[in-house]
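Undergrad: Chains as they are written, first to last, in our numbering: chain A, 1 to 295; chain B, 1 to 493; chain C, 1 to 423.
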Amino acid sequence: MSRLDVRKTYKLYIGGAFPRSESGRSYEVVSASGEFLANASMGSRKDVRDAVVAARSALRGWSGATAYNRGQVLYRVGEVLEGRRSQFVDEVAAAEGLSARAATAHVEAAIDRLVWYAGWTDKVAQVLGNLNPVAGPFFNVSIPEPTGVVGVLAPQGSSLLGLVSVVAPVIATGNTAVVLTSGDRPLPAVTLGEVFATSDLPGGVVNIITARTAEVAPWLASHRDVNAIDLTGAAGVDGLVWGELEAAAADNLKRVLRPAIAGNVAVEPDWSADPGLGRLRAFLETKTVWHPKGI
Amino acid sequence: MPTFEYAPAPESRAVVTIEKSYGLFIDGAFTRPKALFDTINPADERLLAQVTQAGPRDVDKAVAAARRAFDGKWGALTGAERGKYLFRIARILQERAREFAVLETLDNGKPIKETRDVDIPIAAAHFFYHAGWADKLEHAGLTPAGGPTPRPHGVVAQVIPWNFPLLMLSWKIAPALATGNTVVLKPAETTPLSALLFAQVCQQAGLPAGVVNIITGDGRTGQALVEHPDVDKIAFTGSTEVGKAIARSIAGTAKKATLELGGKAANIVFDDAPIDQAIEGIVNGIFFNQGQVCCAGSRLLVQENVHDQVVARLKRRLETLRVGDPLDKNSDLGAINSRAQLDRINRLVDAGVDEGAQRWSPECTLPATGFWFPPTLLTGVAQTHRVATEEIFGPVLSVLTFRTPAEAVAKANNTPYGLSAGVWTEKGSRILWMADHLKAGVVWANTFNRFDPTSPFGGYKESGYGREGGRHGLEAYVTTSPRSASPTTGATR
Amino acid sequence: MGAPQARWLFAWWPLARWFVAQWFVAQWFVAPAHHADTSFRVLPMPDCLRRNRDLVHRADELAADRRRWGGYTRGVTVSTTSSTTDNPVADPVVDPAASSVAGSASSAVANARDVLGVSRLTNRALTGWLHGLPGVDQVGCEGRASALGTRSVKTTSKAWAIDLAIGMIDLTTLEGADTVGKVRSLCAKAVVPDPLDPSTPRPAAICVYGDMVATAKEALGDSGVRVAAVATAFPSGRASLSVKLADTRDAVRAGADEIDMVIDRGAFLSGEYLTVFSQIADVKAECGEAHLKVILETGELVTYDNVRRAAHLAMLAGGDFIKTSTGKVAPAATLPVTLVMLEAVRDWRELTGVQVGVKPAGGIRTTKDAIKYLVMVSEVAGENWLSPDWFRFGASGLLNDLLLQRQKLVTGAYSGSDYVTID
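Written out as C-alpha cells, the structure reads:
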C-alpha cells in the first residue's frame, strides 16, 4: 500500500521567517514537462517593501561582521546545501527538465560556487583595496565597502546554479539582498531559503520573493531604500524591458548591473564559465581615507 | 595699534592672451566662431570673450572626429606612445602654468592663489600620473593574470562643471586618453576658456587630430553630446539632478557612465580635536573655492560641549579672511561664479534664517560690481533645515551639534548624498571607527579637501558612481570582459 | 611692557584675599591633605583674572568654555602619596615659603594654582594640565605656516614691515670668541644701522653673554637700545639652580634690561614639569625689573605638542616672552614652531588676560623670512603683538638684509653688500 506524500508548502523567505505573500495570492508552479509541482506564494510590491525593510535592518550587522565570519557562514551554506543535495537535484531536475545527472552537476557546481565565494570574503579588500602613494605626508588607503541593500533579479533559467551565482557575490562582500526568483522556476530558491535559515546566515541578509518578475521588479527598481540592482533576471521575461528598470533605478542613482547582452538582446549568462570578479565589484563602493602622518 | 595692511598685489593679466571669440576644437582645429555667447569675469562682470554655442551638428562632427581617431591613428598606437603624449601635455601645462592660472581666475572668479597652488599643479599631476599607466594597464589589477588586456570603450563624452574647469578637465581627459579612448569634452557654459586654451596645448603636444575635441555651449550641447548614439561612455561631474537625467537617458543602452555629483559633507569635530588645525580644516573645508566644491564640508558637526568655543575661534579666524580681487595674490576668497549661483546662495541662506538659523559674517567690504558673497556662518541649524540638507555650493557653513560618536555618524549619514566627510579627533581608534561608519567615498581625518591623482575620488548614494583617480579610476574607462560571444556577466553601468 | 605688570599688581590684591579665604575653608571642610588619600578640588577662576576685558577678544564668549578645551582648569587629583608616584627627586609640592625668592616665585605658584584650579601645585597637577592642552597636528600646522608664507607683501606694506622688523631685532653675538671690541662694534651698528640713512630705525636690543653686559650698556648709552643677556648656563642649561640664579643675578646687576634664560630640557623631557616651572619662577624672581625671555629650545623638544606644553609652562611660571631657540641647536626658529607659540600666547591672553611676547631666534636671515613671520604675527596672534614690546627676532645677519631691501625701496635699484656696514 503506497503512502501518501506529505507535500511541502513553498513560501517566501523574509527577515529570516517564511511568511506567505501579504497579498494572499499564490500561483501554480509546473515542471518543465508541465506537471503540477506546487502552489508558490505570489509575492507582491508589499512583500518587496517588507523585504527591503528586513534587508536594511540586517545590513549593519552583516556588513559589520568580520570578513572571516562571513566566509564561514557562506561555507556553512555550502555544507548544508551539500547535505540536501538530493532534494535540490530533484527540484532542479523538475524545474529545468534536466536528467538526474545533469541536475546533479548543476547542484554540485552551485555548492562549489558558494565555496569559491566563501573564500573571497576576506580577500576582496586585499585585491581591490589600495594604499595610494599621494604626494604629501598622508596615509591614504582605499578600501571596498558593501554598497548596501541590493535588489537581485535572479535568472529565469538556471534555478539554482544561476541563483547562487548572483546571490553569493552580493552577500559575500557584506551587502544584503532582496531576491526576486525565477518566475517559472521558483522552487529551488525557496528551498535555498531553508538552507540559509539553517546555516547561521542572519535573518534579513537574503530575502527571497517568488513572484511574477514583470509585476514586481519595477517596484524593486524604483525603491528609494535599495542601493543597487542586478538586472540579470530581466533577460527572457515577457513584458519586462530592462532599460525601463534601469531608468527607474536612476531616481536614487542605484548602481545597476545590466543583463548580459548578445546581439543587442538580453540573455542569460553562461553559468559554467569562470565568474571572475565582475559580480563582486559591481556591488562595492570604494572608500578612501586620508590621515596626516606626523609626530 | 599698528595694522599690517597688505598693499594690492595683483597678478599680471598680461601673461595670457584672450581672443575676442572662439570656435570649437574639432578634429585638431578650431572651427570658425558662430552662434556666439558671452563669457564674463564674475569678479567685475566684464566681457572676457565670446564662444560658440555648439549645435547638434557640431556635436555630430566632434563625435565623428573622435570616432575616426579611435578607429585610426590613436587606436593603433601602443600604450607607451600614448603615454608619451600625456607626458608632453603634463609638461606643457607646467610650462604654461601661470597663463592657465590667470585665465582660470579671470573666467571662474576664484583666487589666483588657488589656481596657482591647487588647480593647475594638480591638473598637470593628473596627466603625469596617468601617462605612466598607458603602457601598464595589464598590471592595474582590473583583469586576472593572463586574462584579457583591458580595452578602451571608444568615444567618451565628458561634461564638466565650472568650479574647477581645468582640474576637472584633467580628471576626465587624462585617464580617458591613458586607457586609449578618444574624447569629446564640453566645459561649463560659464568657464570655457581654460578648456579652449587646453585645446592649444593639445596642438602644441602634436596630439593626433580628433583624439581630444572641445565643444562649448550650454546644457543643450551637453545633452546632445551625452545622448549621441555613437558615444560609448559618459563621464559627468555636476549636479545630482543632471546626473539622474543622464542615468535615465542611457538606461537600456550599452553606454557606460560615471557620475560625480553633489554632496553635503559633514565635518565632524570632537572635543579632543587638534583645535587650531581643526579650525583651519573647517575654513579650508567650506571656504576653499568660495565653497563651490561638491565635497565641501558644508555641515559642521561639533561636539556640543565645545560648540561655543569652536564657533568663537572660527569667528576670530574668519575675521582674517580676505575677500576681494581674485587676481590679488592675498585674496582668500574670490567671486561667486555666476549671478545664478549667487542668487541660489542668497535664496538658501534666507531660507535658513527664516527657519531659525543665526547668520553671521565677518565685516568685509564686497566689491560693487561682480558676484560676491561674504564668508558666512549659520549657527543653530537643525538637521531638518534646508541649509542642512540642500547643497548650497557657496561660502556658507551650517553649524550643528552632536553628543556622541554614534550620533555624529547618524547625522553625517542622514543625507541622500555620500561624497565626503571629515573627522577631527586625536584619538586614533575613534578615527578608524568613524571612518568605518561614515557613508562617504572620501573620508578626511584630521585634514580636509586633499586631492591627489593617485587617490580615488567619488561618492556613495546620490553623490554618483564610479571613481576618478588612482587605480580605481581606470576601471571606468576600460572594458575587461573577453571579446568572446558568450557573455558571463552583464556590464556595470 | 610695564603695563601688564601694573595690571598684575592691581589684580593680585583681591586674589590674595580670596585665596586666604579659600585656604581657611579648605582647612576646615576638606580633610587635610596629609590624612586623606586624595583631595579633589577644582577652584573657579577668580574674576580678577578676567578683568582686563579690553585686552580680551570676545572674552565673554570664550570664558564659558575655557575650562573645556585642553583642560585649562581641568580638575586634578592631588595625591598625598605623590612623593612616591610623582617626581621622586623634586619635592612634589612647591612650597612658596621655602622658595629661594619668596616674593615673585610664590606669586607664580599662587597664580599657577589658580589657573590650574588646584589647591596645591604638584607635578601631577602640572602634567594633567599640560597634557590636557589640545594636540597639534604636525601636517596641518606646517601647512598653515606654509600658507601664511605665501602672502605677497609689496610696496608700502613692505616698507612698513621692513622698518618694523628692524625695530624688532635683538642683534645678537653669542660666541666664545666674543671680545669687548666685537661687542662695541655690534653696539655701534645698533645705534647707527645705516650710516647712509639716519631715518633707519634701531634694533630693539643687543643680545650678549652676561659678562659683556656692562660693555654693551656703556657702548649703547642712552640710544634706547636695550641690553639682553643670555643666562642660566646658556645654551645647555646644565648647571645647578644656584649657578643659574647667580648667572642671572650677575647679568641683572651689570645692567641687563632683559634676561634670556633656557629651560631645563632634560627635566621637561623626563616629565619633571614642576622642576622646569620652579626654575623659571625662581629666575623670574631674580630678574627684578628685567624682562624674562624663556628659551624653550624647540629643536630639542622636537614635537609641536611639546612646544605647546613648554610654552604654556613658561607663561604659567611668569615668563614675559617665550623664545624658540638658543641658536646653538638645529633646527632653530621655524615658521611652524613660531606659529604654535603665537597660538599659545594668543590663547594665554584669552585665558588670563596677560599678554606674553614671542621671539623666534636663529636661522632667520632674509627680509622675505622676516616678513613671513610678521604676517604670521598679524594673522595668528593679532595686531597687539606687532610691536617690539611683544615680538622680537633673535638674529644677526638679518639686519643687513633688511637694510639692503630698505635701500632698494628708497632708491629703486637693487643694493649690494658694499653698501651696508658689517659690525
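Where a beta carbon is used, it is the ideal one built from N, C-alpha and C, also for glycine. Note that this is a predicted model, so its numbers are computed, not measured.
1) Can you grab the Cα-Cα spacing for the pair C/S106 / C/K284, in whole Å?
2) What is the rounded straight-line gap between the Cα of C/G327 and the Cα of C/L269?
3) For the alpha helix (DSSP H) containing B/D276, name the first residue and the last one.
4) Taking 8 Å as the threshold (beta carbon to beta carbon), is B/T447 in contact with chain A?
5) Roughly how many angstroms separate the alpha carbons of B/P405 and C/D264, rounded to a whole number?
6) Does B/A296 pass the burial test, meaning 16 or more other C-beta atoms within 10 Å, or should it be called exposed?
7) Checking contacts by CB at 8 Å: is B/K113 closer than that to chain C?
8) Is B/E390 helix, strand or coil by DSSP?
9) Does C/N306 come out as helix, strand or coil in the three-state DSSP assignment?
10) Give every residue of the same chain whose Cβ lies closer than 8 Å to the Cβ of B/L301, excluding the five residues on either side of it in the sequence, and list them in chain order.
11) Closest to A/V134 by C-alpha separation, out of B/G352, B/K233, B/P375 and B/I122, would be which residue?
12) Which residues in the same chain have their Cβ closer than 7 Å to the Cβ of B/A69, if we skip the five residues on either side of it in sequence?
13) Is C/Q279 buried or exposed, if buried means 16 or more other CB atoms sit within 10 Å of its CB?
14) Below 8 Å, can you find three or more Cβ-Cβ pairs linking the stretch 33 to 48 of chain B to the stretch 171 to 178 of chain C?
15) Which of the three DSSP states is assigned to C/R74 in this structure?
16) Could you check what DSSP says for C/T155 in three-state terms: helix, strand or coil?
17) Taking a Cβ distance cut-off of 9 Å, strictly less, list which residues of the stretch 140 to 162 of chain C are near chain A, in chain order.
18) Looking at chain C, is there any beta carbon in it that lies within less than 8 Å of the beta carbon of B/D325?
19) Can you tell me whether A/L180 is helix, strand or coil according to DSSP?
20) Given a limit of 9 Å on CB to CB distance, which residues of the stretch 120 to 143 of chain A reach chain C?
21) How far does the alpha helix (DSSP H) with C/D347 in it extend, from its first residue to its last?
22) Who are the neighbours of B/E462 on chain A, taking C-beta pairs under 7 Å?
23) By DSSP, does B/L378 sit in helix, in strand, or in coil?
24) Going straight from the alpha carbon of A/V91 to that of A/P202, what length do you get?
25) Please specify which runs of the alpha helix (DSSP H), each continuous and at least 4 residues long, are wholly inside the stretch 392 to 419 of chain B, giving them in chain order.
26) Kindly list, in the order they appear in chain A, the residues whose Cβ is closer than 7 Å to that of B/K172.
27) Alpha carbon to alpha carbon, how far is C/V213 from C/D163?
28) 8 Å is my cut-off, CB to CB: does A/G193 come that close to chain C?
29) If you draw a straight line from the C-alpha of A/V167 to the C-alpha of A/L153, how long is it?
30) Smallest Cα separation from C/G299: which of C/G363, C/G117 and C/L196?
31) Please classify B/T425: does DSSP put it in a helix, a strand, or coil?
32) Using three-state DSSP, classify A/Y13 as helix, strand or coil.
33) CB C/Y373 to CB C/T338, shorter than 8 Å?
34) Which runs of the beta strand (DSSP E) fall wholly inside the stretch 24 to 76 of chain A and span at least 3 residues, in chain order?
35) Taking any Cβ of chain B, which residues in the stretch 196 to 220 of chain C have a Cβ under 7 Å from it, in chain order?
36) I'd like to know whether the C-beta of B/Y465 is nearer than 8 Å to at least one C-beta of chain C.
TA: Quick answer:
1) Distance between the alpha carbons of C/S106 and C/K284 is about 11 Å.
2) When rounded, the distance between both Cα atoms is 20 Å.
3) Counting along the chain, the alpha helix (DSSP H) containing B/D276 begins and ends at I275 to F287.
4) Judged by the 8 Å Cβ criterion, B/T447 is in contact with chain A.
5) Using only the alpha carbons, I get a separation of about 40 Å.
6) Per the 10 Å Cβ criterion, buried.
7) So yes, B/K113 belongs to the interface.
8) When secondary structure is reduced to three states using DSSP, B/E390 falls in the coil class, being assigned neither helix nor strand.
9) In the structure shown, C/N306 sits in a helix (DSSP, three-state: H, G or I).
10) For B/L301, the CB contacts under 8 Å within the same chain, skipping 5 residues up- and downstream, are A266, N267, I268, V269, L400, T401, F402, A408, K411 and A412 in chain order.
11) The shortest CA-to-CA distance from A/V134 to any of B/G352, B/K233, B/P375 and B/I122 is the one to B/I122.
12) Closer than 7 Å at the Cβ level, and outside the excluded window around B/A69, lie T182, P208, A209, G210 and V211.
13) Here C/Q279 is buried. Its C-beta has 16 or more other C-beta atoms within 10 Å.
14) Taking 8 Å as the limit for Cβ pairs, the verdict is that the stretch 171 to 178 of chain C does not touch the stretch 33 to 48 of chain B.
15) Unreliable positioning characterises C/R74 in this predicted model, as indicated by a pLDDT of 27, which lies under 50. A coordinate reading is not provided.
16) Note: C/T155 maps to helix in three-state DSSP.
17) Answer set for the stretch 140 to 162 of chain C: G140, C141, E142 and G143.
18) Taking Cβ atoms only, chain C never reaches closer than 8 Å to B/D325, which makes this a no.
19) In the three-state reduction of the DSSP assignment, A/L180 falls in the strand class, which pools E and B.
20) Under the 9 Å Cβ criterion, the stretch 120 to 143 of chain A contributes G136, P137 and F138.
21) Counting along the chain, the alpha helix (DSSP H) containing C/D347 begins and ends at L335 to T352.
22) What B/E462 touches in chain A: N252 and L253.
23) Residue state, collapsed to three classes: strand.
24) First, the residue type needs correcting, since residue 91 of chain A is Glu and not Val in the sequence shown. Approximately 25 Å between the Cα atoms of the pair.
25) List check, alpha helix (DSSP H) in window: 405 to 413.
26) Ordered by position in chain A, no residue passes the 7 Å Cβ test against B/K172, which lies about 18 Å from the chain.
27) C/V213 and C/D163 have their C-alpha atoms some 26 Å from each other.
28) Residue contact with chain C for A/G193: absent (no Cβ-Cβ distance below 8 Å to any residue of chain C).
29) Taken atom to atom, the span from the alpha-carbon of A/V167 to that of A/L153 is near 10 Å.
30) From the listed residues C/G363, C/G117 and C/L196, the smallest Cα separation to C/G299 is found for C/G363.
31) Secondary structure of B/T425 (DSSP, three-state): coil.
32) Of the three classes helix, strand and coil, the one that applies to A/Y13 here is strand, per DSSP.
33) One thing to note: C/Y373 has its Cβ within 8 Å of the Cβ of C/T338.
34) Taking only runs of at least 3 residues, the beta strand (DSSP E) segments lying wholly in the stretch 24 to 76 of chain A are 26 to 30 and 36 to 41.
35) Flagged: no residues at all.
36) Closer than 8 Å: no.
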